[in-house]
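Enquirer: Let me give you the structure first, and then I'll get to my questions.
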Amino acid sequence: MKKSIEKIIPRPMQPGMVGDGFRVFHYFPGGPISQRRISPFLLLDYAAEFEFPPTEHLRGVDVHPHKGFETVTIAYKGAVEHHDSAGNHGIIYPGEVQWMTAGAGILHKEYHEREFSRQGGPFEMIQLWVNLPAKYKQELPHYQALSEDLIRKIELPNKQGVLRIIAGAWKELKGPAKTYTPINLFDIRLNKGGDLEMELDQSHNTALLVLQGQVAVNGATIPEQQMALFGNDGTVIQVHASKDSVLLLMSGEPIDEPIASYGPFVMNTQAELMEAMEEFRAGKFGSLS
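Using the numbering used here, the letters of the sequence shown correspond one by one to residues 2 to 290.
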């Protein structure tokens, strides 16, 4: 049985700036999609392709805290660099993913990589926030650096396209990301005329974002930069590309727990949320300049 399409979410009318380096369209939460409806996912910001001029200034987001969830950054164009209060440092380039588990709390900053900033050019990325169950919210912060060679790449038959498994599984092939709850995250490139059929768990909350191109999904047309939210009533998703297309498929088992969130803190109760804010003010997340 095919998954029904519950809603088609258009691209937000205007982008917003996160810091001075990330010009993003904010798809959720808000509007028709609450955090509980899309659980285990919490937030999706898409920095659609934008040309940044050369500069010696490192555009980005200065020091900020995170606690109780994970951030997943997917680079499509340009390069993203980060530092944190645990002494970690890394850079991701097109095709690569940074999966950060904030867990018990960390300070973090991310920005355009230095050489990319000096040269300027097109920049495109996604940031997805993933919730952690209560029993894992105190995990020690850590990263998974998912370089392009680690991400499983599936060539579709007859040169129809490519499916890259960031997390979860495609048939019997598994992606490299280690997750705390069952999650599928697929980077899909379909050539014009290409077809793809996926079978996903009926209970999973599932969405498909069309970054570029245009596709028919279970019979409904999804234009560029629109997102389909699926019902929890079937298992099959059929995609046909009417143009060369780039897609992001996210599917995950809902976390059936209360959500208490404020900015970069995501806990289960208001008391835990206040405690997280006090920990941050008291310097318990370390220091970062």
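Using N, Cα and C, we set each Cβ at its ideal position, and we do this for glycine too. No experiment lies behind these values; they were computed from the predicted model shown.
Taking the alpha-carbon of K3 as reference, which of F281, F286, G235 has the nearest alpha-carbon?
Expert: When only C-alpha atoms are compared, the closest one is G235.
Enquirer: Are there 16 or more other CB atoms within 10 angstroms of the CB of R115, so buried, or fewer, so exposed?
Expert: exposed
Enquirer: Just curious, the beta strand (DSSP E) that Q226 is in, first and last residue?
Expert: Unbroken run through Q226: none, as it is neither H nor E.
Enquirer: Opposite I166 in the DSSP bridges: which residues?
Expert: R153, F187
Enquirer: Just to confirm, are A76 and M126 a CB contact at a threshold of 7 Å?
Expert: yes
Enquirer: I'd like the list of long-range same chain contacts for Q293, defined as Cβ closer than 7 Å, with 5 residues on each side in sequence excluded.
Expert: This structure leaves residue 293 out entirely; the chain is present only between 2 and 290.
Enquirer: Any idea which residues DSSP pairs R24 with across the strands?
Expert: M18
Enquirer: Exposed or buried, T56, counting other C-beta atoms within 10 Å across all chains shown (16 or more means buried)?
Expert: Around the beta carbon of T56, fewer than 16 other beta carbons lie within 10 angstroms, which makes this residue exposed.
Enquirer: Where DSSP assigns a beta bridge to A105, which residues make up the other side?
Expert: Per DSSP, none; premise fails for A105.
Enquirer: Give the single residue among F286, Q99, F266 whose Cα lies nearest to the Cα of P177.
Expert: Q99
Enquirer: Can you tell me whether P158 is helix, strand or coil according to DSSP?
Expert: helix
Enquirer: Using CA atoms only, rank isn't needed, just tell me which of D46, D63, E97, H205 is closest to Q128.
Expert: D46
Enquirer: On the criterion of 16 or more Cβ atoms from any shown chain inside 10 Å, does Q36 qualify as buried, or is it exposed?
Expert: buried
Enquirer: For the region 185 to 204 against the region 235 to 252, are there 3 or more C-beta pairs whose distance is under 8 Å?
Expert: yes
Enquirer: Could you please give the first and the last residue of the uninterrupted alpha helix (DSSP H) stretch that includes F286?
Expert: Note, F286: premise wrong, no alpha helix (DSSP H); not H, not E.
Enquirer: Put K175 into one of helix, strand or coil per three-state DSSP.
Expert: When secondary structure is reduced to three states using DSSP, K175 falls in the strand class.
Enquirer: What do you get for E279, buried or exposed, if any count of 16 or more other CB atoms within 10 angstroms of its CB means buried?
Expert: exposed
Enquirer: Could you name each continuous beta strand (DSSP E) segment of 3 residues or more that falls completely within the region 232 to 257, going from the start of the chain to the end?
Expert: Counting only runs of 3+ residues, the beta strand (DSSP E) found wholly inside the region 232 to 257 occupies 237 to 242, 246 to 253, in chain order.
Enquirer: On the three-pair Cβ rule with 8 Å, is the region 129 to 138 touching the region 68 to 87?
Expert: yes
Enquirer: Within the continuous beta strand (DSSP E) that includes S5, where are the two ends?
Expert: Counting along the chain, S5 falls outside any beta strand (DSSP E), and DSSP gives it neither H nor E.
Enquirer: Please check the pair I189 and G162, which I expect to be a contact at CB under 8 Å, by giving their CB distance rounded to whole angstroms.
Expert: 7 Å
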